[in-house]
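**Student:** If you read the sequence shown in UniProt numbering, its first letter stands for residue 1, the second for the next number, and so on.
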Amino acid sequence: MVIDCGPSSTTLSNKVGFLKPVSPLSTADDESNDGASSHIPGPILFQTDYTYVCIVPPGPKIIQFQFYPPSLGSTNESKALFTISAGKYTLLKTSASSCSIGSQGQIQHAIREFYINVDDGRLNVTFTPSSTPGAYAFVNKIKVVPVPTSLYVRGNDEDPLQIRLLGHNPNDQQLYILNNSRALETMYRVNIGGPFISPDLDGSEMMRTWSTDKSYMSINEEVDTDILQSKIKIKYSAEVPAYTAPVKVYTTTRASYVNGGNTSWSFPLDPGFYYLIRLHFCEINKKIKLGERVFKVYINYQTAEGHADVFEWSNGAGFPVHRDYVVDYASGHSNSTQNLVVAIEGINSELDDHQGILNGLEIFKISDKNNNLAGAHPFGFEVDQYRNIPTLTATLFRRIIVTLLAILLGVMVLTVVFHFIRFRLGRTWVKQSFLPWHYSSDQYYCQKFSLTEMKSATNNFCQAFQIGSGGFGNVYKGYIGGGVYTVDTVAIKRANPTSKQGLHEFQTEITMLSKLRHRHLVSLIGYCKEDKEMILVYDYMAQGTLRDHLYGNPRKPPLPWKLRVKICIGAARGLHYLHTGANEKIIHRDVKSSNILLDRNLVAKVSDFGLSKVGPNPNMMSSDTAHSSNDDTPHVSTAVKGSFGYLDPEYYRRQKLTEKSDVYSFGVVLFEVVCARPAVMSIVQNGEPEHVNLSEWALQHYNPGQGGKAIDQILDPSLQGKINPESLKTFTDIARQCLRDRGSERPTMGDVLWKLELALQQQERDDQVENTRTGTSFPMEGTWQTRPGLL
């Protein structure tokens with residue numbers, strides 16, 4: 001729908017008008033090559049409030065306004081003081097300093113574009129002149145265009161879009177919740193490295209304009225960087241439909257420096273708002289393979305992507321993909337214009353073909369909590385004045401990073417002190433006095449949540465939020481804390497009333513984890529016990545379970561050998577701490593690959609302590625702790641509990657629990673890692689299907705007398721030929737020892753940990769020798785890159 005006054009001006013004095021529908025492309029011809037109109041429609045002037053009523057189907061819409069200076073002899077440009085609103089949203093508000101868009105040195109032509117959701121099929125666009133005497137409003141053209149659902153914003157409170165939030169502590173993985181209650185204003189839409197794209201070439205009925213990126217780069221960067229072009233066929237998908245961005249965006253790109261520096265773009269923005277940043281990528285080099293073009297993406301000097309691999313994201317060349325982020329300019333910023341800097345830096349940049357790339361970029365202002373989008377620059381920015389910003393060379397960039405890190409460290413210290421005081425004085429923390437446990441002298445604390453908070457965090461336990469299930473009940477991804485705009489991601493485990501695990505396991509989990517803090521144990525944040533509900537809240541483990549990465553999820557790529565060993569080392573450290581490092585020896589009693597979780601950096605953490613037991617203390621023997629007449633090993637006499645395939649056979653026979661039962665279960669996990677097979681397998685033997693334990697099956701194939709050749713027969717095929725034989729032998733030797741029938745003959749977790757670290761060293765030495773032989777100066781590990789700090 002379009003309102004176009006035509007070549008002459010019009011003054012409207014009545015209160016209401018109607019936008020009439022026209023062909024969506026019928027106005028495309030009047031757009032020139034620079035986005036301005038070849039025929040300039042005269043302005044429509046409003047001296048009183050005026051509302052356009054647009055009857056449209058419900059759903060998202062783009063509202064576009066075109067402004068030219070009202071060049072009327074008797075019109076004073078400084079009196080163009082007005083506000084434009086659409087429904088409940090304030091879109092634009094002029095002031096004395098912003099209204100003279102046609103003055104010398106100012107913007108000669110402005111197109112402002114807004115994205116809002118229409119709920120009831122009626123869109124009211126209102127022009128309101130200021131109360132200043134002689135004030136008026138004006139516009140030259142209005143367009144209302146339908147937008148595909150979920151292009152930029154999705155759903156409502158029941159189905160929010162969760163986007164990573166930048167601009168805070170980079171160690172806090174905060175999310176911004178964006179749904180259809182928010183309106184957007186298009187600030188920039190840029191075809192990086194490519195030509196100007198006029199509305200008629202946008203390839204969709206939205207008729208968007210894509211500018212070139214030259215105005216947003218420093219002049220020397222524009223000259224020094226490479227522009228890559230390709231005729232590769234762009235293959236759109238259900239995740240990235242054809243209307244996401246035109247083909248011309250994805251077939252051209254600007255690449256980062258080859259010499260180790262970075263390429264950056266700068267965009268002036270109004271302070272006081274959050275901004276949605278969408279980056280478009282597409283691998284256009286058919287020769288590039290997985291893991292070859294790896295680069296970093298920075299937004300405002302904060303790492304947005306530390307290991308960007310477009311090929312991995314999109315599963316091949318020619319497949320577009322985009323990444324969304326939200327940047328906070330609403331708090332902690334001055335009232336002056338802020339520059340948002342986007343930069344890419346190649347990791348393998350010594351190779352010409354492996355530079356970092358960026359194809360396109362879109363920046364949107366997000367309406368605030370008062371439904372306001374009006375900023376200090378209602379007609380946009382004259383961006384050319386920002387072109388001479390200094391290039392961020394690698395050296396300068398590092399200096400900036402060091403300075404920012406020093407400032408950030410100080411802020412983090414103050415934040416920790418603030419939250420400590422806040423939590424001690426303002427949050428509901430309660431002592432768990434109702435839990436029967438042996439801790440008598442020590443205090444243990446845990447946050448208590450209300451059932452209302454838990455329902456809010458999971459959208460009333462919506463099935464879409466469910467990420468798993470277990471013996472205790474369902475597990476949900478939830479969002480808590482963080483204030484109005486930000487949230488913390490957590491895992492919420494809700495007890496199933498029909499589950500065999502009940503109050504005792506619930507109490508045990510809280511008591512155990514509220515006392516334990518270790519890098520390789522999942523942290524318990526809090527709990528809820530209300531209206532017969534039993535709910536536990538943990539840190540969210542973004543990479544899921546070890547089981548999923550081995551055989552539980554075919555969509556996940558196989559883990560390389562070194563990373564598998566590192567994950568096992570992390571889990572072993574967690575179990576070793578339980579057995580020896582805590583105030584009392586703790587036996588986990590349910591060690592399995594699905595209870596070893598991985599955070600976003602693939603650091604292993606042991607979870608699920610519902611079946612755990614305090615182990616025997618030789619100095620304090622309880623009523624259920626004893627010595628066997630035939631075995632001097634202290635143990636706990638208890639009913640047998642655990643998981644099929646992982647259960648210690650000695651514990652099953654004698655009902656006497658020791659820490660060596662955890663060692664046995666961990667041995668099964670080690671063979672899962674080697675074989676990528678479940679603890680209980682289905683095989684065909686003599687033409688009949690059978691269920692066999694992995695532990696028995698693996699030991700049948702293990703024969704040290706054959707120099708380890710037999711174990712190759714059951715090795716995960718993805719690891720064949722990629723493991724140092726000594727490393728594999730050390731690993732499988734200790735796994736076999738863990739599975740010895742008698743607990744007294746099994747190694748301790750400390751022994752297991754030592755052997756696993758040895759296996760890792762053997763593999764790393766072999767890799768170093770191979771890299772020296774081939775002249776390789778950087779590691780390439782399949783689809784995964786080793787993360788720092790994993791050990």
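Virtual Cβ for every residue (Gly too), placed ideally from N, Cα, C. Keep in mind that this is a model prediction, so the values were computed, not measured.
Evaluate Cys-675 with the Cβ neighbour count: other Cβ atoms within 10 Å of its Cβ, from every protein chain shown; 16 or more gives buried, anything less gives exposed.
**Tutor:** Taking the sequence shown and counting its residues from 1, the one referred to as residue 675 is at position 675. So Cys-675 counts as buried.
**Student:** Take the Cβ of Asn-117 as the centre, count every other Cβ of all protein chains shown within 10 Å, and call the residue buried at 16 or more, exposed below.
**Tutor:** Within the sequence shown, the letter at position 117 stands for residue 117. Its Cβ being crowded by 16 or more others within 10 Å, Asn-117 is buried.
**Student:** Below 8 Å, how does it come out for the stretch 557 to 575 and the stretch 752 to 769: are there three or more Cβ pairs, yes or no?
**Tutor:** At 8 Å Cβ cutoff, the stretches touch.
**Student:** For Ser-8, count neighbouring Cβ atoms within 10 angstroms of its own Cβ and tell me buried if that reaches 16, exposed if not.
**Tutor:** Along the sequence shown, read from residue 1 onward, the residue named residue 8 stands at position 8. With a pLDDT of only 45 at Ser-8, under 50, the local geometry of the prediction cannot be trusted, and the value read off the model is given with reservation. Per the 10 Å Cβ criterion, exposed.
**Student:** Take every Cβ of the stretch 582 to 599, pair it with every Cβ of the stretch 641 to 659, and state whether three or more of those distances are shorter than 8 Å.
**Tutor:** The answer is yes - the stretch 641 to 659 touches the stretch 582 to 599, with three or more Cβ pairs under 8 Å.
**Student:** Rounded to whole angstroms, how far is the Cβ of Leu-269 from the Cβ of Gln-338, which I believe are closer than 8 Å?
**Tutor:** Here the question's residue 269 lines up with position 269 in the sequence shown. Here the question's residue 338 lines up with position 338 in the sequence shown. At roughly 5 Å, the Cβ-Cβ gap stays under 8 Å, so Leu-269 and Gln-338 are in contact.
**Student:** Taking the alpha helix (DSSP H) that Met-207 belongs to, which residues open and close that run?
**Tutor:** Looking up residue 207 in the sequence shown gives position 207. Careful: Met-207 lies outside any alpha helix (DSSP H) and carries neither H nor E.
**Student:** Does the beta carbon of Lys-585 fall short of 7 Å from some heavy atom of the ligand ADP?
**Tutor:** As for the ligand ADP, it is missing from this structure, which has no ligand bound.
**Student:** Please work out which residues of its chain come closer than 7 Å, Cβ to Cβ, to Lys-61, disregarding the five sequence neighbours upstream and downstream, and give them in chain order.
**Tutor:** Taking the first residue of the sequence shown as position 1, residue 61 is located at position 61. Cβ neighbours of Lys-61 beyond the five flanking positions: Ile-116, Val-118, Leu-123, Val-144, Val-145, Pro-146 and Val-147.
**Student:** Can you grab the Cα-Cα spacing for the pair Ala-698 / Pro-725, in whole Å?
**Tutor:** Position 698 of the sequence shown, counting from 1, holds the residue named residue 698. Position 725 of the sequence shown, counting from 1, holds the residue named residue 725. Each residue's Cα considered, the two are about 17 Å apart.
**Student:** To the nearest angstrom, how far is it from the Cα of Ala-137 to the Cα of Ile-84?
**Tutor:** The residue labelled residue 137 in the question sits at position 137 within the sequence shown. The residue labelled residue 84 in the question sits at position 84 within the sequence shown. When rounded, the distance between both Cα atoms is 9 Å.
**Student:** Run through DSSP, which three-state label would Leu-647 get?
**Tutor:** Taking the sequence shown and counting its residues from 1, one reaches residue 647 at position 647. The answer is coil: DSSP assigns Leu-647 none of H, G, I, E or B.
**Student:** Using a Cβ-Cβ cut-off of 6 Å (strictly less than) and excluding sequence neighbours within five positions of Ile-723, which residues of its own chain qualify?
**Tutor:** Start at 1 with the first residue of the sequence shown, and residue 723 comes out as number 723. Hits under 6 Å: Trp-561.
**Student:** Do you know how far the Cα of Leu-166 is from the Cα of Leu-536?
**Tutor:** On the sequence shown, residue 536 is found 536 positions in, with the first residue counted as 1. On the sequence shown, residue 166 is found 166 positions in, with the first residue counted as 1. Leu-536 and Leu-166: Cα-Cα distance of roughly 28 Å.
**Student:** Does the stretch 200 to 208 come into contact with the stretch 287 to 301, if we say contact requires no fewer than three beta-carbon pairs (one atom in each stretch) closer than 8 Å?
**Tutor:** No, because fewer than three Cβ pairs between the stretch 200 to 208 and the stretch 287 to 301 fall closer than 8 Å, the two stretches do not touch.
**Student:** Compute the beta-carbon to beta-carbon distance between Val-249 and Gly-360, rounded to the nearest angstrom, for a pair I have assumed lies under 8 Å.
**Tutor:** What you label residue 249 is simply residue 249 of the sequence shown in a count that begins at 1. What you label residue 360 is simply residue 360 of the sequence shown in a count that begins at 1. So it is a contact: roughly 4 Å between Cβ atoms.
**Student:** Could you name each continuous beta strand (DSSP E) segment of 3 residues or more that falls completely within the stretch 687 to 744, going from the start of the chain to the end?
**Tutor:** You should have 688 to 693.
**Student:** Using the DSSP secondary-structure output, state which residues sit across from Glu-113 in a beta bridge.
**Tutor:** On the sequence shown, position 113 is the one that residue 113 refers to. For Glu-113, which the question treats as bridged, DSSP gives the partners Gln-64 and Thr-186.
**Student:** Residues in its own chain within less than 8 Å of His-520 by CB, not counting five upstream and five downstream?
**Tutor:** Reading the sequence shown from its first residue, position 520 is the one you call residue 520. Cβ neighbours of His-520 beyond the five flanking positions: Gly-570, Ala-571, Arg-573, Gly-574, Tyr-577, Val-603, Ala-604, Lys-605 and Val-606.
**Student:** For the putative contact between Leu-524 and Ser-514, defined by C-beta atoms under 8 Å, what is the C-beta separation to the nearest angstrom?
**Tutor:** Counting from 1 along the sequence shown, the entry for residue 524 is found at position 524. Counting from 1 along the sequence shown, the entry for residue 514 is found at position 514. Right, their Cβ atoms sit about 6 Å apart.
**Student:** Counting only runs that start and end within the stretch 558 to 595, where is the alpha helix (DSSP H) found for 4 or more residues in a row?
**Tutor:** If we require 4 residues or more, the alpha helix (DSSP H) runs fully inside the stretch 558 to 595 come out as 561 to 576.
**Student:** Is Lys-88 helix, strand or coil when you go by DSSP?
**Tutor:** Residue numbering aside, residue 88 sits at position 88 when the sequence shown is read from its first letter. Three-state DSSP puts Lys-88 in coil, outside helix and strand.
**Student:** Who are the near neighbours of Ser-367 in its chain, counting only those whose CB is closer than 7 Å to its CB and skipping five residues on each side?
**Tutor:** Here residue 367 corresponds to residue number 367 of the sequence shown, with the count starting at 1. So the qualifying residues of the chain are Tyr-89, Arg-182, Ala-183 and Leu-373.
**Student:** Please work out which residues of its chain come closer than 6 Å, Cβ to Cβ, to Asn-496, disregarding the five sequence neighbours upstream and downstream, and give them in chain order.
**Tutor:** Counting from 1 along the sequence shown, the entry for residue 496 is found at position 496. The residues are Gly-473.
**Student:** Which one or two residues does DSSP pair with Met-681 in a beta bridge?
**Tutor:** For the purposes of this step, residue 681 is identified with residue 681 of the sequence shown, where counting begins at 1. BP columns for Met-681 point to Val-692.
**Student:** In angstroms with no decimal places, state the Cα-to-Cα distance between Leu-694 and Glu-672.
**Tutor:** Looking up residue 694 in the sequence shown gives position 694. Looking up residue 672 in the sequence shown gives position 672. If you take the alpha carbons of Leu-694 and Glu-672, they lie about 8 Å apart.
**Student:** Between Tyr-476 and Arg-494, how many whole angstroms is the CB-CB distance? I'm expecting something under 8 Å.
**Tutor:** Counted from its first residue, the sequence shown places residue 476 at position 476. Counted from its first residue, the sequence shown places residue 494 at position 494. Right, their Cβ atoms sit about 7 Å apart.
**Student:** Candidates Met-681, Thr-452 and Ile-467: which alpha carbon is nearest Thr-545's?
**Tutor:** For the purposes of this step, residue 545 is taken as the residue at position 545 of the sequence shown. It is Ile-467.
**Student:** Tell whether a beta-carbon distance below 8 Å holds between Tyr-325 and Ile-299.
**Tutor:** Taking the first residue of the sequence shown as position 1, residue 325 is located at position 325. Taking the first residue of the sequence shown as position 1, residue 299 is located at position 299. Taking 8 Å as the Cβ cut-off, Tyr-325 and Ile-299 qualify as a contacting pair.
**Student:** What's the call for Ala-238, buried or exposed, on a 16-neighbour Cβ count within 10 Å?
**Tutor:** Here residue 238 is taken as the residue at index 238 of the sequence shown, counted from 1. Exposed.
**Student:** Using alpha carbons as the reference points, say which of Asn-371, Ala-255, Gly-552 and Asp-608 lies closest to Tyr-274.
**Tutor:** As a working mapping, residue 274 is identified with position 274 in the sequence shown. Nearest option by C-alpha distance: Asn-371.
**Student:** May I have a chain-ordered list of the alpha helix (DSSP H) segments no shorter than 4 residues that lie completely inside the stretch 482 to 555?
**Tutor:** The stretch 482 to 555 contains these whole alpha helix (DSSP H) runs: 503 to 515.
**Student:** Does DSSP put Asp-270 in a helix, in a strand, or in coil?
**Tutor:** In the sequence shown, residue 270 corresponds to position 270, counting from 1. In the structure shown, Asp-270 sits in coil (DSSP, three-state: anything other than H, G, I, E or B).
**Student:** Using the DSSP secondary-structure output, state which residues sit across from Arg-122 in a beta bridge.
**Tutor:** Along the sequence shown, one-based indexing puts residue 122 at 122. According to DSSP, Arg-122 bridges with Ile-55.
**Student:** Just to confirm, is the Cβ distance from Ser-130 to Leu-201 under 8 Å?
**Tutor:** In the sequence shown, counting from the first residue as 1, residue 130 sits at position 130. In the sequence shown, counting from the first residue as 1, residue 201 sits at position 201. In this structure, Leu-201 does not lie closer than 8 Å to Ser-130 by Cβ.
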